[in-house]
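S.K.: Protein sequence lines, in the order shown, are assigned to chains B and F.
83 is the number of the first residue of the first sequence in this note's numbering; add one for each residue after it.
9 is the number of the first residue of the second sequence in this note's numbering; add one for each residue after it.
All C-beta atoms, glycine included, are put in the ideal place defined by N, C-alpha and C.
Below you will find the structure I want to go over with you.
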Amino acid sequence: MSGLSIDKLSMRFDLPNGGSVQALKDVTLDLKAGELLSVLGPSGCGKTTLLNIVAGFLAPTEGKMTLNGHEIKGPDAERGMVFQQGALFEWMSVRDNVGFGPSMKGMPSKEKAEIVNHLLDVVGLQDFKEKAVYELSGGMQQRVALARCLANDPDVILMDEPLGALDALTREKMQSLVLKLWKETGKTIILITHSVEEALLLGERLIVMAPRPGRIHKEYRLPFAELGVEADLREVKKHPDFAVKREEILGMIWDMEEEIMGRSEETA
Amino acid sequence: MTGLILPVVYIGIFAVAAFVFTRIGAKKDGYTALKTVTFGDESAVRPNRAAGIISILTLFLLWGMFTGSSLIPSFLHAPAPFKGETSFEYTVEANGQTDTATVAVLVHEREETPDTPAIEEGDGIAKNDSIKVAQYRSQLVSFDKNDEVKRADGAKVVAINGTPVVPGDTVEIEGGSVTISDKGTPNFQPENGLQMEPLYLPSPEAVVERTGKVLEEGFRGTSLLGHLGMSLFRVVAGFICGAIVGIPLGYAMGLSNWFRGWFDPIVEFMRPVPPLALIPLVIIWAGIGETGKIILLFLAALWIMAIAARSGVSGVNIAKVHAAYSLGASKWQIMRHVIIPNSLPEIFTGARVAMGVCWGTVVAAELVAAEQGAGMMIMVASKFQNTDIVILGIILIGIIGFGIDMLMRGAERIMVPWKGRG
Numbered sequence: 083m084s085g086l087s088i089d090k091l092s093m094r095f096d097l098p099n100g101g102s103v104q105a106l107k108d109v110t111l112d113l114k115a116g117e118l119l120s121v122l123g124p125s126g127c128g129k130t131t132l133l134n135i136v137a138g139f140l141a142p143t144e145g146k147m148t149l150n151g152h153e154i155k156g157p158d159a160e161r162g163m164v165f166q167q168g169a170l171f172e173w174m175s176v177r178d179n180v181g182f183g184p185s186m187k188g189m190p191s192k193e194k195a196e197i198v199n200h201l202l203d204v205v206g207l208q209d210f211k212e213k214a215v216y217e218l219s220g221g222m223q224q225r226v227a228l229a230r231c232l233a234n235d236p237d238v239i240l241m242d243e244p245l246g247a248l249d250a251l252t253r254e255k256m257q258s259l260v261l262k263l264w265k266e267t268g269k270t271i272i273l274i275t276h277s278v279e280e281a282l283l284l285g286e287r288l289i290v291m292a293p294r295p296g297r298i299h300k301e302y303r304l305p306f307a308e309l310g311v312e313a314d315l316r317e318v319k320k321h322p323d324f325a326v327k328r329e330e331i332l333g334m335i336w337d338m339e340e341e342i343m344g345r346s347e348e349t350a
Numbered sequence: 009m010t011g012l013i014l015p016v017v018y019i020g021i022f023a024v025a026a027f028v029f030t031r032i033g034a035k036k037d038g039y040t041a042l043k044t045v046t047f048g049d050e051s052a053v054r055p056n057r058a059a060g061i062i063s064i065l066t067l068f069l070l071w072g073m074f075t076g077s078s079l080i081p082s083f084l085h086a087p088a089p090f091k092g093e094t095s096f097e098y099t100v101e102a103n104g105q106t107d108t109a110t111v112a113v114l115v116h117e118r119e120e121t122p123d124t125p126a127i128e129e130g131d132g133i134a135k136n137d138s139i140k141v142a143q144y145r146s147q148l149v150s151f152d153k154n155d156e157v158k159r160a161d162g163a164k165v166v167a168i169n170g171t172p173v174v175p176g177d178t179v180e181i182e183g184g185s186v187t188i189s190d191k192g193t194p195n196f197q198p199e200n201g202l203q204m205e206p207l208y209l210p211s212p213e214a215v216v217e218r219t220g221k222v223l224e225e226g227f228r229g230t231s232l233l234g235h236l237g238m239s240l241f242r243v244v245a246g247f248i249c250g251a252i253v254g255i256p257l258g259y260a261m262g263l264s265n266w267f268r269g270w271f272d273p274i275v276e277f278m279r280p281v282p283p284l285a286l287i288p289l290v291i292i293w294a295g296i297g298e299t300g301k302i303i304l305l306f307l308a309a310l311w312i313m314a315i316a317a318r319s320g321v322s323g324v325n326i327a328k329v330h331a332a333y334s335l336g337a338s339k340w341q342i343m344r345h346v347i348i349p350n351s352l353p354e355i356f357t358g359a360r361v362a363m364g365v366c367w368g369t370v371v372a373a374e375l376v377a378a379e380q381g382a383g384m385m386i387m388v389a390s391k392f393q394n395t396d397i398v399i400l401g402i403i404l405i406g407i408i409g410f411g412i413d414m415l416m417r418g419a420e421r422i423m424v425p426w427k428g429r430g
């Protein structure tokens, strides 16, 4: 069985004062190989917790996950991760960052150099390969992070708000790049974002999560990612359905935020 | 007097130079020139190069001025102590008779031993006298030794240079002053001027000359470089031992609960203990030889390096560790490729602090007891009043301490260029 399967996943954190927080409750999700899923939700809905569990950094209190038929127990090279920022190794050049995964596997240097060169071409950083990563702009750093993840050829790529810290223009360019890489490599991708537009543009599937306890509120299948592979993203945004979906989801999240506010006012 | 004039002269030079160079020669350059808000903007404050140069020159100028250095023109010198011949007259009264005689005075430098000036005794009941006195000293004039009337006969001095005096009075004369003691004896005190006595502060050229001499002959059986090399060797040996034990200890404390729990109380207790406070115990345990010194410096460096390595590990952004695991790195590979490089900047900072502390500690330890070393050199020199060697030693200790820090900074720039850029 190919793909990622998440079955009745629950996560409860115990608090030092004796109470506990139900971060996730009965999250069930099946992702076929090559699907791009974006995850939206108000803060505190457990998106990042979900991603950390899938990455293997956290063990769930209940439920289980399988990838291609085997159970996920901890972090592994089969599930690559792209972080918001700060996860590059600043003591290495761009080339060594991208080649980190292959080096860890002990790949012969010639083979590794080919992979690295190819990926630097893909993300457009061939001229910067000898530079230190701290000399690059934020957008370029995220390109390095993408290339580093791809160099390891993972089955699933997990992205935790990878474009969150970028300015609007760079962000748009990077969104195109993510779509292009998705189409070219055929990877399964889970992308967490705060931006409704980004979730709509990039998500072939989209789930909206609700807080307290964190759960899947609604799921969509969207045509925009397929369109975006070919067309300009600004053209995609003009699609009649785009504005409708955006308003719907914004309203949904807005209501959730209202509810949270109301509830905390009650307790206060 | 000197103690008051010196700061006044220093502040004067500071103020005048500041006025000249900031008002008259003011020229800003670059981006800062366009800033309208500079007061309160720390980034607009750059050390003024002219001020730096003048500051150093002023120190040497003051040193030269107040020691009468031959390196600067003599009109800049503070008034020198009197040297040469002078004389004064005293009037003796005995049995109703009075007579006046002259005292020839020779003031000489302390190292010289000249003859007392030759004089003719002259006539009358008081005969002429002659004395010699070293600079900064005073001399009682036993005026009645060659006189016809003695003090025992009731002879007493009633006037100096024609000024009537009683015991306790002081009369200023050329090149000094004469005070009549309680017992009626004139006491000559040459003028000290405003310069420092070489015993307290030798002139710059005396220090340079002594440097040449010590370089040539060594000090206490060891060459100058031998003394400094010995101190440096102790620092380097102690520091390396401290780093070899401290860095792995710090890593273990940063990576394992058990190590953290076991060593935290020890490290946190030992960290605030000044290494100097350990000197007596180390001497009791290991004696005053090399072993004791290196143990002391090892202890001085150990805690600093352990804490630096520990905070280097704790400072790793967890995202980097997660990223490395997701890229398939093993625990050992994470140690080697993520934790160690990430902690190097902290370790270098710790090493700089540790080297500084070790250098201070070694000098102090050598002051207490040592056969060789920079601290021993200045301690022994001070016991023999060789102030020039003391000053030479202090300057060299300062230069070496500064050099160590520069070296560590240079190494840091080359080895961890990513410091503070993550």
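Cutting at 6 Å between CB atoms, please list the residues of its own chain near residue 376 of chain F, excluding the five before and the five after it.
M.R.: The residue labelled residue 376 of chain F in the question sits at position 368 within the second sequence. Once the five neighbours on either side are set aside, the close Cβ partners of residue 376 of chain F are 287.
S.K.: Per DSSP, what are the beta-bridge partners of residue 120 of chain B in this structure?
M.R.: The residue labelled residue 120 of chain B in the question sits at position 38 within the first sequence. Its beta-bridge partners are B:273 and B:288.
S.K.: Look up residue 350 of chain B in the DSSP assignment and say whether it is helix, strand or coil.
M.R.: Against the first sequence, residue 350 of chain B aligns to sequence position 268. In this prediction, residue 350 of chain B has a pLDDT of 47, which is less than 50 and means its spatial position is unreliable; nothing more can be read from the coordinates.
S.K.: Buried or exposed, going by whether 16 or more other CB atoms sit within 10 Å of the CB of residue 336 of chain B?
M.R.: Residue 336 of chain B sits at position 254 when you count from the first residue of the first sequence. It counts as exposed.
S.K.: Using a Cβ-Cβ distance under 8 Å, would residue 265 of chain F count as near chain B?
M.R.: The residue labelled residue 265 of chain F in the question sits at position 257 within the second sequence. Closer than 8 Å: no.
S.K.: Does any CB atom of chain B fall closer than 8 Å to the CB of residue 346 of chain F?
M.R.: If you number the second sequence from 1, residue 346 of chain F lands on position 338. Output row for residue 346 of chain F: interface = yes.
S.K.: Going along the chain, which residues of the region 310–331 of chain F sit with their C-beta nearer than 8 Å to a C-beta in chain B?
M.R.: Those would be 325, 327, 328, 330 and 331, in chain order.
S.K.: State yes or no: is the C-beta of residue 395 of chain F nearer than 7 Å to some heavy atom of the ligand FAD?
M.R.: Questions concerning the ligand FAD fall outside what the structure shown contains, since it holds no ligand whatsoever.
S.K.: On the three-pair Cβ rule with 8 Å, is the region 362–376 of chain F touching the region 332–341 of chain F?
M.R.: The region 362–376 of chain F vs the region 332–341 of chain F: no contact.
S.K.: How would you label residue 350 of chain B, buried or exposed, when you count the other beta carbons within 10 angstroms and need 16 or more for buried?
M.R.: Position 268 of the first sequence, counting from 1, holds the residue named residue 350 of chain B. Residue confidence for residue 350 of chain B is low, a pLDDT of 47 falling below 50, so the modelled location carries little weight and cannot support an answer.
S.K.: Counting Cβ pairs, one atom from each stretch, are 3 or more of them under 8 Å apart for the region 318–328 of chain B and the region 148–162 of chain B?
M.R.: These segments do not touch.
S.K.: Of the choices B:100, B:129, B:238 and B:182, whose alpha-carbon is the least far from that of residue 332 of chain F?
M.R.: Walking along the second sequence from the start, residue 332 of chain F turns up at place 324. The option with the nearest alpha carbon to residue 332 of chain F is B:182.
S.K.: Note down, in chain order, each residue of its chain lying with its Cβ closer than 6 Å to the Cβ of residue 112 of chain B, except the 5 sequence neighbours on either side.
M.R.: Translated into the one-based positions of the first sequence, residue 112 of chain B becomes position 30. Taken in chain order, the residues that qualify are 87.
S.K.: Does the region 82–98 of chain F come into contact with the region 184–203 of chain F, if we say contact requires no fewer than three beta-carbon pairs (one atom in each stretch) closer than 8 Å?
M.R.: These segments touch.
S.K.: Residue 163 of chain B versus chain F: which residues are under 9 Å apart at the beta carbon?
M.R.: Here residue 163 of chain B corresponds to residue number 81 of the first sequence, with the count starting at 1. Simply 327, 330, 331, 333, 334 and 335.
S.K.: Who does residue 5 of chain F pair with in a DSSP beta bridge?
M.R.: The structure shown does not extend to residue 5 of chain F, since chain F is modelled only from 9 to 430, so the question has no answer here.
S.K.: Against chain F, does residue 105 of chain B count as a neighbour if the rule is that its beta carbon must be under 8 Å from one of theirs?
M.R.: As a first step, residue 105 of chain B must be located in the first sequence, where it is residue number 23. Not an interface residue.
S.K.: What's the gap between the Cα of residue 280 of chain F and the Cα of residue 274 of chain F?
M.R.: Residue numbering aside, residue 280 of chain F sits at position 272 when the second sequence is read from its first letter. Residue numbering aside, residue 274 of chain F sits at position 266 when the second sequence is read from its first letter. Taking the straight line joining both Cα atoms gives about 11 Å.
S.K.: Which of the three DSSP states is assigned to residue 228 of chain F in this structure?
M.R.: Along the second sequence, one-based indexing puts residue 228 of chain F at 220. Three-state result, residue 228 of chain F: coil.
S.K.: On the premise that residue 275 of chain B lies in contact with residue 237 of chain B, defined as a C-beta separation below 8 Å, what is that separation, rounded to the nearest angstrom?
M.R.: Residue 237 of chain B sits at position 155 when you count from the first residue of the first sequence. Residue 275 of chain B sits at position 193 when you count from the first residue of the first sequence. Not confirmed; about 21 Å, so no contact.
S.K.: Taking DSSP as the reference, what is the three-state secondary structure of residue 62 of chain F?
M.R.: Numbered from 1 along the second sequence, position 54 holds the residue referred to as residue 62 of chain F. In this structure, residue 62 of chain F counts as helix in the three-state DSSP scheme.
S.K.: What whole-angstrom Cβ distance do residue 253 of chain F and residue 396 of chain F have, given they're in contact under 8 Å?
M.R.: Within the second sequence, numbered from 1, the residue matching residue 253 of chain F stands at position 245. Within the second sequence, numbered from 1, the residue matching residue 396 of chain F stands at position 388. At roughly 41 Å, the Cβ-Cβ gap does not stay under 8 Å, so residue 253 of chain F and residue 396 of chain F are not in contact.
S.K.: Determine contact between the region 215–233 of chain B and the region 184–203 of chain B, defined as no fewer than three beta-carbon pairs at a distance below 8 Å.
M.R.: These segments touch.
S.K.: Report buried or exposed for residue 399 of chain F, applying the criterion of at least 16 other Cβ atoms within 10 angstroms of its Cβ.
M.R.: Numbered from 1 along the second sequence, position 391 holds the residue referred to as residue 399 of chain F. By the 10 Å Cβ count, residue 399 of chain F comes out buried.
S.K.: What first and last residue would you give for the beta strand (DSSP E) that runs through residue 92 of chain B?
M.R.: For the purposes of this step, residue 92 of chain B is identified with residue 10 of the first sequence, where counting begins at 1. It spans 86–96 - the beta strand (DSSP E) in which residue 92 of chain B sits, taken as one unbroken run.
S.K.: Chain F beta carbons: is any one of them nearer than 8 Å to that of residue 302 of chain B?
M.R.: Along the first sequence, one-based indexing puts residue 302 of chain B at 220. Not closer than 8 Å to any Cβ of chain F, the Cβ of residue 302 of chain B fails to qualify, so no.
S.K.: For residue 170 of chain B, which residues in the same chain have their Cβ closer than 7 Å to its Cβ, ignoring the five residues on either side in sequence?
M.R.: Here residue 170 of chain B is taken as the residue at index 88 of the first sequence, counted from 1. Closer than 7 Å at Cβ, skipping near neighbours: 179, 215, 223, 226 and 227.
S.K.: Buried or exposed, going by whether 16 or more other CB atoms sit within 10 Å of the CB of residue 105 of chain F?
M.R.: Position 97 of the second sequence, counted from the start, is the residue given in the question as residue 105 of chain F. That one is exposed.
S.K.: Report yes if the CB atom of residue 52 of chain F is closer than 8 Å to the CB atom of residue 29 of chain F, and no otherwise.
M.R.: Taking the first residue of the second sequence as 1, we reach residue 52 of chain F at position 44. Taking the first residue of the second sequence as 1, we reach residue 29 of chain F at position 21. For residue 52 of chain F and residue 29 of chain F, no; Cβs fall outside 8 Å.
S.K.: Please report the straight-line C-alpha distance between residue 85 of chain F and residue 75 of chain F, rounded to a whole angstrom.
M.R.: What you label residue 85 of chain F is simply residue 77 of the second sequence in a count that begins at 1. What you label residue 75 of chain F is simply residue 67 of the second sequence in a count that begins at 1. Between residue 85 of chain F and residue 75 of chain F, the C-alpha separation is close to 8 Å.
S.K.: Could you round the C-beta distance between residue 134 of chain B and residue 335 of chain F to whole angstroms and report it? I think they count as a contact, below 8 Å.
M.R.: Within the first sequence, residue 134 of chain B is the residue found at index 52, counting from 1. Within the second sequence, residue 335 of chain F is the residue found at index 327, counting from 1. Not quite, the Cβ-Cβ distance comes to about 16 Å (not below 8 Å), so this is no contact.
S.K.: Let me know the alpha helix (DSSP H) ranges lying completely inside the region 251–337 of chain F, each 4 residues or longer, listed in chain order.
M.R.: Correct list: 265–278, 287–294, 298–322 and 326–334.
S.K.: What are the residues of the region 119–138 of chain B that lie near chain F, defined by any Cβ-Cβ distance shorter than 7 Å?
M.R.: Listed in sequence order: 137.
S.K.: What does the Cβ neighbour count give for residue 143 of chain F, buried or exposed, with the cut at 16 atoms within 10 Å?
M.R.: In the second sequence, counting from the first residue as 1, residue 143 of chain F sits at position 135. The residue is buried, with at least 16 neighbouring Cβ atoms inside 10 Å.
S.K.: To the nearest angstrom, how far is it from the Cα of residue 355 of chain F to the Cα of residue 326 of chain F?
M.R.: As a position in the second sequence, residue 355 of chain F is number 347, starting the count at 1. As a position in the second sequence, residue 326 of chain F is number 318, starting the count at 1. Distance between the alpha carbons of residue 355 of chain F and residue 326 of chain F: 19 Å.
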